[in-house]
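A short worksheet on the structure shown next.
Numbering (my numbering), first residue to last: 12 to 427.
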């Protein structure tokens with residue numbers, strides 16, 4: 012079996028698992044389990060909690076003591092058990108702990124999947140730069156396919172979506188055991204010191220004002236990403252309380268509608284080199300924040316009926332909001348940090364955005380939802396117009412402060 016195909020399948024399954032529940036579980040929790048915004052936010056907040064420390068710990072284990080593919084398989088096997096268990100759990104407190112164990116297993120497999128690709132490609136004397144982007148695209152395809160499977164199978168408001176994810180995780184766990192062996196590299200000198208062992212030596216970057224400001228904004232912008240991942244599905248499914256929208260495509264197949272955002276990602280990834288060469292890092296980052304302003308504003312005035320065009324446009328803009336920030340920030344970190352610290356600095360960026368920012372966005376967003384929710388004759392109504400405008404205003408304030416406070420050595424990118 013060709014190496015490209017084998018690694019492509021791995022990436023497909025890796026993100027098929029995530030796509031099976033990430034965008035739709037919140038709607039199930041809200042509409043079927045009747046969880047509050049704070050309860051939903053705490054469950055999604057486990058993604059942030061796990062992202063703060065688990066990738067470093069699991070990565071360290073794979074680097075030093077165990078075969079990387081076996082660590083990868085064990086993580087997915089335990090995650091599969093937790094996902095299936097979660098599908099039978101109705102208590103929010105219990106579900107929090109089940110999800111925490113699941114995300115503690117899943118989140119470190121995201122960077123580990125990339126590390127496996129790099130190692131296997133290099134061991135087979137192939138070009139990483141040419142081959143990896145092709146492999147990573149299969150991850151996006153897997154995420155989109157999962158959304159479509161869950162939607163067209165009628166599982167958006169069903170716990171079975173978690174079982175689908177669990178089956179995917181079990182398949183990947185078994186599949187990983189048949190990947191090329193990736194034992195720890197013998198003879199490499201490992202860093203000493205607690206921060207170095209934990210991969211956190213890049214914390215010294217906070218001594219540089221420009222980098223400190225960058226990482227603070229990474230947290231604040233990470234809030235926007237997790238708000239998006241957690242609550243767009245709840246928003247779309249809330250329209251089923253209105254007879255005019257109840258059977259509209261945007262409600263019954265909201266996951267398919269949301270998958271347009273992933274298609275948009277592919278387009279904007281291809282556009283990044285063009286924009287970077289003309290505008291530079293800071294302007295690209297600022298454009299991404301302004302894209303969040305526009306996305307949330309469009310959602311505020313959109314609906315699955317006459318306002319479907321606004322929702323569709325918001326899905327397209329998501330690609331700009333996500334990719335322009337994520338890719339440009341990765342490039343910025345690479346350019347602003349010394350070579351021996353770049354991997355650690357990228358890990359710190361992961362912690363700031365998906366970890367601290369992710370938890371704050373999920374839980375804080377849930378509190379906002381609860382504050383904007385009213386019960387009328389036993390039916391919950393959320394003031395989504397005000398909710399999205401509040402999030403949009405938050406992004407606008409971020410953009411204003413970012414434009415004033417953040418400084419970037421654009422010339423360093425051009426000369427590199």
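C-beta: ideal position from N, C-alpha, C; glycine also.
Would DSSP call residue i helix, strand or coil?
| i | result |
| --- | --- |
| residue 15 | helix |
| residue 137 | coil |
| residue 45 | coil |
| residue 188 | coil |
| residue 78 | coil |
| residue 66 | helix |
| residue 32 | coil |
| residue 422 | Residue placement at residue 422 is poorly supported in this model, since its pLDDT is 42, which falls under 50; the coordinates still yield a value, given next. Helix, per DSSP. |
| residue 102 | coil |
| residue 164 | coil |
| residue 97 | helix |
| residue 427 | With a pLDDT of 43 at residue 427, under the threshold of 50, the modelled position of this residue cannot be trusted; read the value that follows with caution. Three-state DSSP puts residue 427 in coil, outside helix and strand. |
| residue 122 | helix |
| residue 86 | helix |
| residue 128 | helix |
| residue 22 | helix |
| residue 72 | helix |
| residue 259 | coil |
| residue 380 | helix |
| residue 193 | coil |
| residue 373 | helix |
| residue 316 | coil |
| residue 169 | coil |
| residue 38 | helix |
| residue 417 | coil |
| residue 10 | Given a span of 12 to 427 for the chain in the structure shown, any question on residue 10 remains unanswerable. |
| residue 411 | helix |
Run through the DSSP bridge pairs and tell me what residue i is partnered with.
| i | result |
| --- | --- |
| residue 386 | 391 |
How is the alpha helix (DSSP H) around residue i delimited, first residue to last?
| i | result |
| --- | --- |
| residue 367 | Here residue 367 belongs to no alpha helix (DSSP H), and DSSP marks it neither H nor E. |
| residue 234 | 220-248 |
| residue 303 | 265-312 |
| residue 332 | 319-347 |
Among the options, which one has its Cα closest to the Cα of residue i?
| i | options | result |
| --- | --- | --- |
| residue 114 | 180, 243 and 337 | 180 |
| residue 13 | 121, 227, 216 and 135 | 135 |
| residue 234 | 256, 389, 371 and 255 | 371 |
| residue 67 | 56, 123, 88 and 283 | 123 |
| residue 154 | 33, 131 and 38 | 33 |
| residue 70 | 56, 58, 59 and 86 | 86 |
| residue 247 | 28, 16, 39 and 19 | 39 |
| residue 241 | 17, 50, 102 and 24 | 50 |
| residue 52 | 408, 381 and 417 | 381 |
| residue 187 | 171, 84, 108 and 349 | 84 |
| residue 403 | 29, 305 and 116 | 305 |
| residue 161 | 367, 183 and 264 | 264 |
| residue 26 | 16, 152, 79 and 111 | 152 |
| residue 19 | 119, 397 and 147 | 147 |
| residue 228 | 17, 415 and 355 | 415 |
| residue 357 | 389, 344 and 166 | 344 |
| residue 267 | 326, 394, 223 and 373 | 326 |
Report back the beta-carbon spacing between residue i and residue j to the nearest angstrom; my notes put them in contact at under 8 Å.
| i | j | result |
| --- | --- | --- |
| residue 298 | residue 340 | Wrong, their Cβ atoms sit about 13 Å apart, outside the cutoff. |
| residue 295 | residue 287 | 6 Å |
| residue 131 | residue 191 | 5 Å |
| residue 42 | residue 158 | At roughly 17 Å, the Cβ-Cβ gap does not stay under 8 Å, so residue 42 and residue 158 are not in contact. |
| residue 411 | residue 226 | 19 Å between Cβ atoms; not a contact. |
| residue 47 | residue 213 | Rounded, the Cβ-Cβ distance is 37 Å, inconsistent with contact. |
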